[in-house]
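Protein chains in written order, with this note's numbering: chain Z, 1 to 115; chain L, 1001 to 1113. By construction, the Cβ of each residue, glycine as well, lies at the ideal position given by its N, Cα and C atoms.
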Amino acid sequence: DVKVTQSSRYLVKRTGEKVFLECVQDMDHENMFWYRQDPGLGLRLIYFSYDVKMKEKGDIPEGYSVSREKKERFSLILESASTNQTSMYLCASSFFGAGGGEKLFFGSGTQLSVL
Amino acid sequence: DQQVKQNSPSLSVQEGRISILNCDYTNSMFDYFLWYKKYPAEGPTFLISISSIKDKNEDGRFTVFLNKSAKHLSLHIVPSQPGDSAVYFCAASHPNSGYALNFGKGTSLLVTP
């Protein structure tokens, strides 16, 4: 089974703190993603990476950065946390499915609260 | 600009009956569609998918129908079970989307005994 592991289930941080969210996958997938989920807004893509040291902006990259130094690890960084970044953060990895199209596997999520 | 739309935020169905979840899309370049299921405090899990070259895909109690001319797809769950209560996300991708999926806002399904 594919396993995508996010380092923390719950995190509470103060406004202005630098926050690191870590994600590790064990299936040798090239592609990794960071989404955030907010009530009424669904899943929104923050950043993704299709190779080591490569990154692409998603729909809402402002206030975030990412790091992919190793294939299995993809980190999301909040340079200076703000209250509007309180959210559920979901990491995913993917492969190109046999039937066509990308098939994403998600971690359990990190519920981040910024006070 | 929301390219994948789930216009029903919630749906309530009796156990044993059919659940129909709907999804509309605006981008005619989408060629692959997926449904994900999400329980509270868990990550979404893949449920079923369909390629744009098909109009139906079935997996046990779950069937996805695709109507390309209407840019509409639907997920049918028959018979519905209480354990199906979850948020269902519709997602789509196209060849130039950079491997990422576009998700709808989700529909919360409640199956009552």
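According to the DSSP assignment, Val1078 (chain L) belongs to no beta strand (DSSP E), since it is labelled neither H nor E.
Arg9 (chain Z) places its beta carbon less than 8 Å from that of Gln111 (chain Z).
The residue from Z:Gly107, Z:Glu30 and Z:Lys57 with its alpha-carbon nearest to that of Thr5 (chain Z) is Z:Gly107. Interface with chain Z (8 Å Cβ-Cβ cutoff): Leu1101 (chain L) is included. In this structure, the alpha-carbon of Lys1037 (chain L) lies about 32 Å from that of Ser80 (chain Z). Chain-ordered, the chain Z residues with CB closer than 8 Å to the CB of Phe1089 (chain L) read Gly42 and Leu43. The beta carbon of Asn31 (chain Z) sits closer than 8 Å to those of Phe48, Ser49, Tyr50, Ser93, Ser94, Phe95 and Glu102, all from its chain and outside the five residues before and after it, given in chain order.
Residue pairing from DSSP places Met32 (chain Z) in a beta bridge opposite Z:Ser49 and Z:Ser93. Between Ala1086 (chain L) and Leu1101 (chain L), the gap from beta carbon to beta carbon reaches 8 Å or more.
The beta carbon of Gln25 (chain Z) sits closer than 6 Å to the beta carbons of Val4, Glu72 and Ser93 from its chain, once the five residues preceding and following it are set aside; these are given in chain order.
Between the segment 1003 to 1023 of chain L and the segment 1069 to 1078 of chain L there are three or more C-beta pairs closer than 8 Å, enough to call the two in contact. With respect to His1072 (chain L), Asn1022 (chain L) sits close: the two C-beta atoms are nearer than 8 Å. Pairing Val1004 (chain L) with Phe1103 (chain L) gives a Cβ-Cβ distance under 8 Å. Taking C-beta atoms as the reference points, Leu21 (chain Z) and Ser75 (chain Z) count as a pair closer than 8 Å. About 15 Å separates the beta carbon of Ile77 (chain Z) from that of Ser87 (chain Z), a gap too long to meet the 8 Å contact definition.
DSSP places Ala1091 (chain L) in the uninterrupted beta strand (DSSP E) bounded by Ala1086 to Ser1093. Following the DSSP letters along the chain, one finds Phe1033 (chain L) inside the beta strand (DSSP E) bounded by residues Tyr1032 to Lys1038. L:Asn1067 is the residue among L:Pro1040, L:Asp1001, L:Asn1067 and L:Leu1011 whose C-alpha sits nearest the C-alpha of Ile1050 (chain L). Counting other Cβ atoms within 10 Å of its Cβ, Pro1113 (chain L) stays below 16 and is therefore classed as exposed. Residues of chain Z with a Cβ closer than 8 Å to the Cβ of Lys1105 (chain L) are, in chain order, Gly40, Leu41 and Gly42. Rounded to whole angstroms, the gap between the alpha carbons of Thr1107 (chain L) and Arg36 (chain Z) is 17 Å. According to the DSSP assignment, Ser82 (chain Z) belongs to no beta strand (DSSP E), since it is labelled neither H nor E.
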